[in-house]
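Undergrad: These protein sequence lines map, in sequence, to chains A and B. Under our numbering, the first residue of the first sequence carries the number 5, and numbering increases by one thereafter. Under our numbering, the first residue of the second sequence carries the number 2, and numbering increases by one thereafter. By construction, the Cβ of each residue, glycine as well, lies at the ideal position given by its N, Cα and C atoms. All values derive from a computational prediction rather than experimental measurement. Please read through the structure below; I'll follow up with questions.
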Amino acid sequence: MSDIVPAASLIPADAPFPKAAKVALGMPQLRANLAHATGTIRAKRAKVAGELDDWERLRDTASAVKADVQRRLPELAVEFEQNATAAGATVHWARDAKEANEIAARIVREAGAEEVVKVKSMATQEIELNEHFEAEGLKAFETDLAELIVQLAEDKPSHILVPAIHYNRTQIRDIFEQRMGDAPVGLTDDPAALAEAARLHLRRRLLSSTVAVSGANFAVAETGSLVVVESEGNGRMCLTMPRTLVSIVGVEKLLPSFSDLEVFMQLLPRSSTGERMNPYTSVWTGVREGDGPQDVHVILLDNGRTGVLADEVGRQALSCIRCSACLNVCPVYERTGGHAYGHVYPGPIGAILAPQLEPGKHDDLPYASSLCGACYEVCPVKINIPEVLVHLRQQGPHQAAEKAAMGAAEAVMARPRLWRTALKAARLGSMPWRRKGFVRRMPWPVSKWTVSRDLPVPPKESFRDWWKERDR
Amino acid sequence: MKRVALFITCVNDALFPEAPKAVVRILERLGYEVDFPAAQTCCGQMHANSGYKNDAARLARSFDEVFGGYDAIVTPSGSCAAMARDQYPHLTGSDIGQRVHELSEFLVDVAGVEDVGAHFPHSVTYHPTCHGTRALGLGDKPLRLLRAVGGIDLVDLPAADQCCGFGGTFALKNSEVSSAMLADKCRNAAATGAEYLAAADNSCLTHIGGGISRLSRIYGSAGVAKSGGPKPIHYAEILASTA
Chain A
5 MSDIVPAASL IPADAPFPKA AKVALGMPQL RANLAHATGT IRAKRAKVAG ELDDWERLRD
65 TASAVKADVQ RRLPELAVEF EQNATAAGAT VHWARDAKEA NEIAARIVRE AGAEEVVKVK
125 SMATQEIELN EHFEAEGLKA FETDLAELIV QLAEDKPSHI LVPAIHYNRT QIRDIFEQRM
185 GDAPVGLTDD PAALAEAARL HLRRRLLSST VAVSGANFAV AETGSLVVVE SEGNGRMCLT
245 MPRTLVSIVG VEKLLPSFSD LEVFMQLLPR SSTGERMNPY TSVWTGVREG DGPQDVHVIL
305 LDNGRTGVLA DEVGRQALSC IRCSACLNVC PVYERTGGHA YGHVYPGPIG AILAPQLEPG
365 KHDDLPYASS LCGACYEVCP VKINIPEVLV HLRQQGPHQA AEKAAMGAAE AVMARPRLWR
425 TALKAARLGS MPWRRKGFVR RMPWPVSKWT VSRDLPVPPK ESFRDWWKER DR
Chain B
2 MKRVALFITC VNDALFPEAP KAVVRILERL GYEVDFPAAQ TCCGQMHANS GYKNDAARLA
62 RSFDEVFGGY DAIVTPSGSC AAMARDQYPH LTGSDIGQRV HELSEFLVDV AGVEDVGAHF
122 PHSVTYHPTC HGTRALGLGD KPLRLLRAVG GIDLVDLPAA DQCCGFGGTF ALKNSEVSSA
182 MLADKCRNAA ATGAEYLAAA DNSCLTHIGG GISRLSRIYG SAGVAKSGGP KPIHYAEILA
242 STA
């Protein structure tokens with residue numbers, strides 16, 4: 005049995021992506037776990053998405069619905085508030101993480117509780133609700149299996165949908181044995197045994213809690229309903245058993261009408277877990293007397309979203325339904341894992357969302373991509389991630405040395421005669437290497453290339469020389 | 002006689018004359034008259050994708066000036082064709098990209114041929130480059146052309162759709178991640194046992210070829226008699242080969 009070392013703690017905090025990625029690349033177990041897990045989900049997704057004849061039409065429709073929501077966000081948010089309020093819910097508005105956390109903590113205290121159970125929620129990860137509660141003397145218990153693992157390990161999620169993707173089952177067994185007080189003696193790493201241990205542990209907590217905190221996958225303006233999509237049933241228990249329910253919902257989660265769910269409920273399970281149908285889908289609308297939570301709160305969260313909305317190209321990032329298909333197909337994410345991104349939203353979607361939600365931070369993330377386009381190909385709401393990456397690169401600050409080099413290259417390339425002279429000079433200058441055929445070592449910044457690749461040498465005769473010769 | 006313009010790309014202009022020569026040979030064999038506008042330089046992709054929009058826009062406008070008079074522009078690069086088609090409308094409002102064809106698009110869609118009369122008695126594995134496949138949607142057009150080549154032995158590349166890790170300045174800015182992607186690509190290429198690794202973009206081939214060349218040298222200096230992998234070749238050179 006090995007000691008528990010939170011994986012996130014191994015990546016230097018606030019390191020720029022290339023540095024953090026280098027550390028992650030040096031962890032063989034992490035890379036093996038990631039390659040195995042992303043490879044498995046990737047294959048499952050491809051199979052079930054391929055089963056639907058109208059997959060592309062579903063993607064087009066979802067993309068159009070989300071674009072419509074972004075155009076009408078203020079009116080839809082107000083419509084949601086009116087309908088949810090009419091159904092007995094209390095709707096709060098939070099400008100940022102601080103406001104959302106304060107509202108949530110106040111509700112918990114007013115309910116006379118010191119502990120809450122939680123449904124897996126990215127919004128609460130984003131605002132660091134657990135940490136805020138801790139500082140306030142409140143305790144938030146994760147009930148999603150993977151979130152529980154991450155919380156017990158005092159780690160951070162490394163994937164949107166599969167937060168413990170960086171752990172294999174032996175590591176999970178060790179975490180349970182050392183950190184879950186009521187873990188059975190002699191626990192094996194058999195997945196069924198691990199799940200049973202977690203189930204018994206969580207069941208006690210779920211039965212005794214009076215307040216639950218959730219996020220939502222969708223918020224329906226027309227009816228004031230919230231929707232949570234999950235696989236384990238722990239979420240369903242949180243949403244139905246406690247007396248008080250607080251849901252923290254990013255404003256971009258709004259959908260105009262209930263019938264829009266039909267499109268997203270086909271796309272989301274197939275894109276995220278590679279399942280045809282989702283196991284537990286909970287929909288609730290305010291309060292129903294004598295059934296379920298009697299004190300229902302919704303906190304509508306901005307936290308930078310309306311700022312993103314102002315960017316006509318960048319705003320498509322708000323269409324994200326957090327399925328993680330882009331993470332699972334990304335060759336960069338597969339090799340570095342989520343912690344290297346230094347943000348709660350990692351992978352391709354994180355590379356376009358993080359720098360927009362927190363302008364001025366994460367300027368390195370739009371470059372954490374080879375622009376291979378695998379993310380765009382699988383995105384169920386057709387977010388053109390490569391387009392936004394390039395757009396953000398074009399907005400962001402540039403290093404002075406790089407800017408000068410790029411400007412010089414452009415100045416040459418914009419003048420055909422100068423360009424031809426430069427090529428001729430390169431051919432002459434590379435004469436000493438011609439016999440060898442490649443260059444092995446070059447000064448910075450080309451050293452970043454020659455660290456692992458040889459560099460070809462310009463040819464003796466260029467295409468232009470050949471063309472001129474045959475023209476004669 | 003039908004006239005087309007050839008855009009050789011800056012990478013081929015500087016480093017790889019064989020690919021554009023091959024395009025000339027193929028097109029002339031099919032009865033086209035090929036023009037090479039000598040004022041051409043670069044499509045601006047490196048600048049655009051590295052975040053230098055104004056530089057890229059100037060190069061895009063030069064491209065328009067050089068090639069504006071042609072109905073068809075053929076290029077041996079999926080990536081540069083995608084640049085013109087996808088990014089020029091945003092950069093300069095130009096729709097010239099609609100007339101820029103990657104070689105296989107031109108041969109299959111415009112000229113309507115799959116058998117270009119080539120002969121290449123070697124084993125070849127094909128790497129579908131990302132921009133060609135995903136941005137342009139080339140599908141299996143290059144492979145259809147290769148399948149029609151006489152004497153060729155096409156070998157499947159494992160995990161073919163995975164990026165080689167080039168990504169322009171990504172290879173420098175995120176050198177370590179790029180190298181990790183390259184290592185997997187080289188391993189898969191070597192596993193095919195093919196003599197050649199073909200692709201529709203010499204920039205990707207520079208990357209993969211650079212990795213394979215480095216591996217061969219590492220084996221050599223360790224006294225291991227083993228090649229790092231197949232020899233990189235632009236697929237136009239295969240299509241230009243004859244018996």
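1. Do the segment 337-348 of chain A and the segment 15-32 of chain A meet, that is, are 3 or more Cβ pairs less than 8 Å apart?
2. Expressed to the nearest angstrom, what Euclidean distance is found between the alpha-carbon atoms of N172/A and A329/A?
3. Helix, strand or coil: which one does DSSP assign to E34/B?
4. Under 9 Å Cβ-Cβ, which residues of chain B neighbour S374/A?
5. For V111/B, which option in P143/B, T134/B and A73/B has the closest C-alpha, if you only look at C-alpha atoms?
6. Does any CB atom of chain B fall closer than 7 Å to the CB of Y337/A?
7. Spatial neighbours of V255/A within its chain, please: CB distance less than 7 Å, with the 5 preceding and 5 following residues excluded, ordered by chain position.
8. Output yes or no for whether 7 Å exceeds the beta carbon distance between L158/B and T126/B.
9. Roughly how far, in whole angstroms, is the beta-carbon of A93/A from the beta-carbon of H301/A, given that I think they are within contact range, below 8 Å?
10. Between the segment 124-133 of chain A and the segment 148-168 of chain A, can you find at least three pairs of beta-carbon atoms closer than 8 Å?
11. Can you list, in chain order, the residues of its chain whose CB lies under 8 Å from that of V231/A, leaving out five sequence neighbours each side?
12. Please confirm whether F145/A and R208/A have their CB atoms less than 7 Å apart.
13. Nearest CA to the CA of H235/B: which residue from C164/B, A201/B and V225/B?
14. Rounded to whole angstroms, what's the CA-CA distance from S80/B to F121/B? Just pull it up for me.
15. Please say whether D154/B and S105/B have beta carbons closer to each other than 7 Å?
16. Can you tell me which of the three DSSP states D458/A falls into?
17. Can you confirm whether A192/B, when its beta carbon is compared against all beta carbons of chain A, has any partner nearer than 7 Å?
18. Three or more beta-carbon pairs under 8 Å between the segment 394-414 of chain A and the segment 50-60 of chain B, yes or no?
19. Rounding to the nearest angstrom, what Cα-Cα distance links G441/A and C164/B in this structure?
20. Return the residue from the list P350/A, Q270/A and P363/A that minimises the CA-CA distance to D315/A.
21. Compare the C-beta of M31/A with all C-beta atoms of chain B and state if any pair is closer than 7 Å.
22. Is the CB of A15/B under 7 Å away from at least one CB in chain A?
23. Are the CB atoms of L183/B and G212/B nearer to each other than 7 Å?
24. Take C11/B as the anchor and find which of A20/B, Y197/B, R4/B and G113/B has the nearest alpha-carbon.
25. Between the segment 440-456 of chain A and chain B, which residues of the former have a C-beta closer than 7 Å to a C-beta of the latter?
26. With distances taken Cα to Cα, identify the nearest neighbour of R63/A among P167/A, S275/A and P16/A.
27. Starting from Y197/B, trace the alpha helix (DSSP H) in both directions and tell me its first and last residue.
28. Would you call the segment 99-111 of chain A in contact with the segment 240-260 of chain A, where contact means no fewer than 3 C-beta pairs closer than 8 Å?
29. Based on the DSSP secondary-structure assignment, which residues constitute the bridge partners of T76/B?
30. How would you label W453/A, buried or exposed, when you count the other beta carbons within 10 angstroms and need 16 or more for buried?
31. Taking the alpha-carbon positions, what's the R30/B to K186/B distance?
32. If we cut at 7 Å on Cβ distances, does K54/B have a partner in chain A?
33. Who are the near neighbours of W471/A in its chain, counting only those whose CB is closer than 8 Å to its CB and skipping five residues on each side?
34. Measure the alpha-carbon distance for A108/B versus E115/B and round it to whole angstroms.
35. Look at the alpha carbon of P350/A and the alpha carbon of G377/A, and state the distance between them as a whole number of angstroms.
36. Please list, in chain order, the chain A residues whose beta carbon lies closer than 8 Å to that of H48/B.
TA: Concretely, from the data shown:
1. yes
2. Looking up residue 172/A in the first sequence gives position 168. Looking up residue 329/A in the first sequence gives position 325. Distance between the alpha carbons of N172/A and A329/A is about 20 Å.
3. Along the second sequence, read from residue 1 onward, the residue named residue 34/B stands at position 33. It is a strand residue.
4. As a position in the first sequence, residue 374/A is number 370, starting the count at 1. Result: C131, C164, C165, G166, F167, G168, G169, F171, A172, N175, V178, S179 and M182.
5. Position 110 of the second sequence, counted from the first residue, corresponds to residue 111/B. Of the candidates P143/B, T134/B and A73/B, the one whose C-alpha sits nearest the C-alpha of V111/B is A73/B.
6. Locating residue 337/A in the first sequence gives position 333, counting from the first residue. No, its Cβ sits nowhere closer than 7 Å to a Cβ of chain B.
7. Residue numbering aside, residue 255/A sits at position 251 when the first sequence is read from its first letter. So the qualifying residues of the chain are L77, A81, L304, L305, D306 and R309.
8. As a position in the second sequence, residue 158/B is number 157, starting the count at 1. As a position in the second sequence, residue 126/B is number 125, starting the count at 1. Yes; because the gap between Cβ atoms is below 7 Å, this pair is in contact.
9. Residue 93/A sits at position 89 when you count from the first residue of the first sequence. Residue 301/A sits at position 297 when you count from the first residue of the first sequence. Yes, they are in contact, since the Cβ atoms of A93/A and H301/A sit about 7 Å apart, within 8 Å.
10. yes
11. Locating residue 231/A in the first sequence gives position 227, where the first residue counts as 1. Answer for V231/A: A220, N221, F222, A223, V224, L265, T285, S286 and V287, listed in chain order.
12. Stepping through the first sequence from its first residue, residue 145/A is reached at position 141. Stepping through the first sequence from its first residue, residue 208/A is reached at position 204. Contact flag unset, no.
13. As a working note, residue 235/B is residue 234 in the second sequence. The residue with the shortest Cα to Cα distance from H235/B is A201/B.
14. Position 79 of the second sequence, counted from the start, is the residue given in the question as residue 80/B. Position 120 of the second sequence, counted from the start, is the residue given in the question as residue 121/B. Rounded to the nearest angstrom, the two C-alpha atoms are 25 Å apart.
15. Within the second sequence, numbered from 1, the residue matching residue 105/B stands at position 104. Within the second sequence, numbered from 1, the residue matching residue 154/B stands at position 153. Result no, Cβ atoms of S105/B and D154/B do not sit closer than 7 Å.
16. Counting from 1 along the first sequence, the entry for residue 458/A is found at position 454. Of the three classes helix, strand and coil, the one that applies to D458/A here is coil, per DSSP.
17. The sequence position of residue 192/B within the second sequence is 191, counting from 1. No, no contact with chain A.
18. yes
19. Start at 1 with the first residue of the first sequence, and residue 441/A comes out as number 437. Start at 1 with the first residue of the second sequence, and residue 164/B comes out as number 163. Their Cα atoms are separated by approximately 26 Å.
20. As a working mapping, residue 315/A is identified with position 311 in the first sequence. That would be P363/A, whose Cα lies nearest to the Cα of D315/A.
21. One-based indexing of the first sequence puts residue 31/A at position 27. No, no contact with chain B.
22. Along the second sequence, one-based indexing puts residue 15/B at 14. Closer than 7 Å: yes.
23. By 1-based counting over the second sequence, the position of residue 183/B is 182. By 1-based counting over the second sequence, the position of residue 212/B is 211. Taking a C-beta distance under 7 Å as the contact criterion, L183/B and G212/B qualify as a contact pair.
24. On the second sequence, position 10 is the one that residue 11/B refers to. The residue with the shortest Cα to Cα distance from C11/B is A20/B.
25. F442, P449, K452, W453, V455 and S456
26. Translated into the one-based positions of the first sequence, residue 63/A becomes position 59. Comparing Cα positions, the closest option is S275/A.
27. Numbered from 1 along the second sequence, position 196 holds the residue referred to as residue 197/B. First-last for Y197/B: Y197 to A200, but that is the beta strand (DSSP E), not the alpha helix (DSSP H).
28. yes
29. The sequence position of residue 76/B within the second sequence is 75, counting from 1. Answer is E103/B.
30. Here the question's residue 453/A lines up with position 449 in the first sequence. W453/A should be labelled buried.
31. The sequence position of residue 30/B within the second sequence is 29, counting from 1. The sequence position of residue 186/B within the second sequence is 185, counting from 1. Each residue's alpha carbon lies about 34 Å from the other.
32. The sequence position of residue 54/B within the second sequence is 53, counting from 1. At least one chain A Cβ lies under 7 Å of K54/B.
33. Indexing the first sequence from 1 puts residue 471/A at position 467. Nothing meets the Cβ criterion.
34. Here the question's residue 108/B lines up with position 107 in the second sequence. Here the question's residue 115/B lines up with position 114 in the second sequence. Checking the sequence shown, residue 108/B turns out to be Leu, not Ala. L108/B and E115/B have their C-alpha atoms some 7 Å from each other.
35. Looking up residue 350/A in the first sequence gives position 346. Looking up residue 377/A in the first sequence gives position 373. Roughly 16 Å separates the two Cα atoms.
36. As a first step, residue 48/B is located in the second sequence; it is residue number 47 there, counting from the start. Near H48/B (Cβ distances below 8 Å), the residues of chain A are M410, A413 and E414.
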